[in-house]
Amino acid sequence: KRGKKVSRSKEARNDMEEKQEVRKVRRIFTPEQKFEILKDIQRCATIKEGLAKHQLAQSLYQKWKRQLEVGVRASLRNRRPLKTADLKRLEAENRKLKEVVLNQALLISELKKEMNLD
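Here the sequence shown is numbered in our numbering, starting from 488 and rising by one per residue.
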């Protein structure tokens, strides 16, 4: 009986080693690669065929497709930033500070003339 248990554990160990070897390596794709893969999948007869060709899951394909759509929409938006309340407030504060600096410069200039420092 002991001999059989040892052989079973060896078989189990071999099965586990095989499963670890079969485990897929996580692939990392650049945005350009993702775009090219999406285009290639669209060219295939069926999406399923394209996914099999590139060894991708349906969920990953859908995620990439959503990311592409979001990126396209963002690139088509008006590129001029809208003036927000904060920006308007900062611009007003900037104008006031410039006035203060100008007034102080004029005052210093007048004082120098009065004291004959020019």
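Yeah, the Cβ is synthetic: ideal placement off N, Cα and C, and Gly gets one too. In this text, all values refer to a predicted model and were calculated from it rather than measured experimentally.
Within the region 527-562, ranges of the beta strand (DSSP E) (whole runs, at least 3 residues): none
By alpha-carbon positions, which one of Arg576, Leu593 and Trp551 ends up nearest to Phe522? Sequence index remark: in the sequence shown, residue 522 carries index 35 (1-based). Per the Cα distances, Trp551.
Reducing DSSP to helix, strand and coil, say where Arg500 ends up. By one-based count along the sequence shown, residue 500 stands at place 13. Reduced to three states, the DSSP call for Arg500 is helix.
Answer with buried or exposed for Asn590, where buried requires no fewer than 16 other C-beta atoms within 10 angstroms of its C-beta. Looking up residue 590 in the sequence shown gives position 103. With fewer than 16 Cβ atoms within 10 Å of its Cβ, Asn590 is classed as exposed.
Is any beta-carbon of chain D found at less than 8 Å from that of Glu586? No chain D appears in the structure shown, which is made up of a single protein chain.
Ile515, buried or exposed, once every other Cβ within 10 Å from all chains shown has been counted against 16: Mapped onto the sequence shown, residue 515 falls at position 28. Flag for Ile515 reads exposed.
Beta-carbon within less than 6 Å of His541's beta-carbon, same chain only, minus the 5 sequence neighbours each way: which residues are those? To locate residue 541, count along the sequence shown from 1; it is residue 54. The answer, listed in chain order, is Ile524.
Let me know if Ile528 comes out buried or exposed under the rule of 16 or more other beta-carbons within 10 Å of its beta-carbon. By one-based count along the sequence shown, residue 528 stands at place 41. Buried, since its Cβ has 16 or more Cβ neighbours within 10 Å.
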